[in-house]
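With the first letter of the sequence shown counted as 1, position 24 gets the number 24 in full-length UniProt numbering; the numbers rise by one all the way through. We put the beta carbon where it would ideally sit given N, CA and C, even for glycine.
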Amino acid sequence: MNAKTVLILLGLALATIFTLVCVLLTKGRAPSTCQHVPLKQEGTEDGQSLVFADLTPQELEQVVQYLQGNLGVQLVDASRAKPSDNCIASVDLQVPPKAEVLRFLDGGGARPPREALAVLYFGNQPDPNVTEYVVGPLPAPAYHRDVTVHKYGGKVPYHRRPVTGKEYMDINVLVQRELRKAPRFLAACCESDGTNLVILTTAPRGFKSGDRMTWFVLFHNVAGTGYYLTGQLEREFAADMLEVIRLKQPQADTVLGSMRPQQPPGSPGPLHFEPQGPRYSVRGNHITFQGWSIAFGMNPNSGPRLFDIRYRGERIVYELSLQEALALYGSNCPGGMSTRYMDGSFGIGRFAYELVRGLDCPYTATYVDQHYLAESETPKTNQNSLCIFEHDAALPLRRHFSDSQSLYYGGLRKNTLVIRTISTLINYDYIWDFMFHSNGAVEVRVHATGYISSSFLHGQGTDYGNRVGPHTLGTMHLHHMHYKVDLDVDGQLNSLETQDMEYELVKTPWSMQNTIERPYLRRERLEREDEAAFPLNGPMPRYLSFISPNPNKWGHPRSYRIQIVSFAGEHLPISSRMERSVSWGRYRLAVTRRKEEEPSSTSIYNQNDPWTPTVAFADFINNETISEEDLVAWISVGFLHVPHAEDIPNTVTVGNSVGFFLRPYNYFNEDPSVDSPDGVYFSSEQDPGACDANPLACLSPTAACAPHLPPFHFGGF
């Protein structure tokens, strides 16, 4: 062995020893905890967004105390009130008029008085009715004014009021009393004494204005077992006058629709975390993120609402709010075929419960409590019921790989700010997302999940869905959601422009004896509301934009485009006597002039009297001019759901989402995401592994840390 060989072997041995020492030194060492890097504050907000903030528990209590002492009537707590009592049904923020808010936000005007909207049921009156009061100023109320006649043209008839929890409790007692009249029938058909049967309400409640009769569907655990039972049913059973299908009591380990995991937990999946802390800021009801500024809140009835959405300091949207969610069913059972749920009357916002950390939202998301007062004199809190997080879509927002002439790669990660809440409306769960992209686009999306509503399978039941279990029909239904979008594109005064492609037959300039079909862009300004109301299944231009009178650098009007992603079908035949109550469903998109007296496309009172709707959206469209006016876009999205075997145990979100985009269209002079700090670029002349050329090459020093994970906590049911 020569000296050179000895030196080589010695070098290899030393390298091996060094590697082993490094491994031994680092073995078992926990990675360092990620260090939070404070955000540089984006502008000064000075609490202005509080003009849109939901009422605090203290403010809600002040309103209740004021009403109790200043209406001159006895008020019973709604949690125990009978229909013949007077009670406070709900209290919510009264959003100030837009003109007052803009004078405050933009013109240095006074802060609008903070007020509440209180809904009262007056059952202990010669003429029972529903009355709405504006109460203020908060936090020390000193006045109230009746706004019912101004809003609705008269008092709201008492039969239109939403059903309270106390009424449902009383109905359940009545049902249980009736079930006791049919013991032999229940034992024979369902192996039940009635105590393990639960009720599910249907709505609307009858066939004409004034009706308040409701079908209640009975469920045996999860599987459908029939519907309302009476002593007459027992007598007919005893007389052998009924065809009886016997249902076995399901075993705990074979219950249809059980969500208990069927496998033990596996290894953890990928974890979302921020190595240097969140890159967004949440202060009260105000969020900032890479040029975005948003005020957020929750209406107990209609659900999530956003205000004063700005990008790079410019207001894009004054109000973006959910209005309604409609679920309309088909079945050959009375309960199923009569169901048209208008979920706002039940409470899309108040039934947005606590989110499960790490599943409903990323584990390290920011979670926010929501407070409301409904059917009680005591405010309630849905803790951790709204979440905010930055989402890495694992998809480039834009990219290009150049393999000709100059050689380079350039791209930008698609990182998005997400505001999310999830409402559970009886059986369905709706995931409401509002997303803000670094190119100035806003994305609104809803996913549907939860349990399907089923019917007892009999006769020609499969004409209305699919069999999904023993004696169980998954009933077909429609989901339709409605949104209000008050766009202010480069100011309040906007117009509506459509663009689409058409073909023209022209002679080719270089060969005049030949012709070619040449695409060209057809632009049109819509002048009236009737032109801007696009029927659900009718044609609609593929580009539709709110435009400003002001041009960008290239001479085009600064604009935001509305792009809808929806699979909605006919909501109801227009010939239906209850169609006007959901007439917003006629239109994929309708653009109207903004009016303070048209704050919402529907009403909580429409559910129980759809035949004489308190608010009919179709009346908003009256052919007024929409050229250089303050405009509102009303957007419908939805889909048909025919339940199938894979909807058991419950419906998945995959393929069950719809929504829309608000996209800048010549609003900027170039894509504003060029200023994003997340861009990546390197060329053939650079070392892509060098930190100064490629930040992706330097992740290990910043991302090789353990995220701070707060202990898992769930507040209970």
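{"Asked": "Residues near Asn427 in its chain [Cβ-Cβ closer than 6 Å; skip 5 each side]", "Found": "Gly450, Tyr451, Ser453"}
{"Asked": "Helix, strand or coil at Tyr66 according to DSSP, with G and I counted as helix", "Found": "helix"}
{"Asked": "Limits of the alpha helix (DSSP H) - the one that residue 736 falls within", "Found": "No information on residue 736 is available, as it lies outside the stretch 1 to 717 that the chain covers here."}
{"Asked": "Proximity of Tyr503 and Leu417 at Cβ, strictly below 7 Å", "Found": "no"}
{"Asked": "Proximity of Val119 and Glu132 at Cβ, strictly below 7 Å", "Found": "yes"}
{"Asked": "Which of helix, strand or coil DSSP assigns to Thr653", "Found": "coil"}
{"Asked": "Euclidean distance between Cα positions of Phe668 and Arg558", "Found": "7 Å"}
{"Asked": "Met481 and Gly465 closer than 7 Å at C-beta", "Found": "no"}
{"Asked": "Three-way DSSP call (helix, strand, coil) for Thr214 in this model", "Found": "coil"}
{"Asked": "Sequence-distant residues of its chain with Cβ nearer than 7 Å to Pro183 (five each side left out)", "Found": "Asp193"}
{"Asked": "Nearest to Tyr152 (by Cα), restricted to the options Ala393, Arg283, Thr612, Arg399", "Found": "Thr612"}
{"Asked": "Buried or exposed by the 16-neighbour rule on C-beta atoms within 10 Å, applied to Ile419", "Found": "buried"}
{"Asked": "Cβ neighbour criterion (16 or more within 10 Å) applied to Asn384", "Found": "buried"}
{"Asked": "Collapsed DSSP secondary structure at residue 721 in the structure displayed", "Found": "With the chain covering only 1 through 717, there is no way to say anything about residue 721."}
{"Asked": "Residue range of the unbroken beta strand (DSSP E) whose run includes Asn196", "Found": "No beta strand (DSSP E) holds Asn196; DSSP gives it neither H nor E."}
{"Asked": "Outcome for Ile564 when other beta-carbon atoms lying within 10 angstroms are tallied against a minimum of 16", "Found": "buried"}
{"Asked": "Closest Cα partner of Val674 within the set Arg399, Pro96, Gly358, Gln176", "Found": "Arg399"}
{"Asked": "Rounded separation between Gly336 and Gly206 - CA only", "Found": "14 Å"}
{"Asked": "Within 7 Å, strictly: CB atoms of Ser321 and Lys484", "Found": "yes"}
{"Asked": "Beta carbon of Thr195 nearer than 7 Å to that of Phe216", "Found": "no"}
{"Asked": "Rounded C-alpha distance that separates Arg528 from Phe307", "Found": "26 Å"}
{"Asked": "Between the CA atoms of Gly210 and Val130 - distance to the nearest angstrom", "Found": "14 Å"}
{"Asked": "4-residue-minimum alpha helix (DSSP H) runs that sit fully inside the UniProt domain \"Copper amine oxidase N2-terminal\" (59-143), ordered along the chain", "Found": "98-106"}
{"Asked": "Local Cβ density within 10 Å of Trp634, reported as buried at 16 or more and exposed below that", "Found": "buried"}
{"Asked": "Uninterrupted beta strand (DSSP E) stretches inside the segment 473-540 (no shorter than 3 residues)", "Found": "477-487, 493-508, 511-526, 533-535"}
{"Asked": "Cβ distance (whole Å) where Leu425 is taken to contact Phe346 below 8 Å", "Found": "6 Å"}
{"Asked": "Contact between the segment 88-96 and the segment 373-380 (3+ Cβ pairs under 8 Å)", "Found": "yes"}
{"Asked": "Three-state class that DSSP yields for Cys691 in the structure shown", "Found": "coil"}
{"Asked": "Three-state secondary structure assigned by DSSP to Lys155", "Found": "coil"}
{"Asked": "For Gln370: DSSP bridge partner residues", "Found": "Asn382"}
{"Asked": "Cα-Cα separation, Lys553 to Gly269", "Found": "47 Å"}
{"Asked": "Same chain, Cβ closer than 8 Å to Leu407, neighbours up to 5 away in sequence not counted", "Found": "Ser683, Ser684"}
{"Asked": "Inter-residue CB distance, Pro649 and Gly257 (contact presumed, cutoff 8 Å)", "Found": "5 Å"}
{"Asked": "Coil, strand or helix - Asp240 by DSSP", "Found": "coil"}
{"Asked": "Beta carbon of Pro300 nearer than 7 Å to that of Asp92", "Found": "yes"}
{"Asked": "Buried versus exposed, by CB contacts within 10 Å (16 or more), Val652", "Found": "exposed"}
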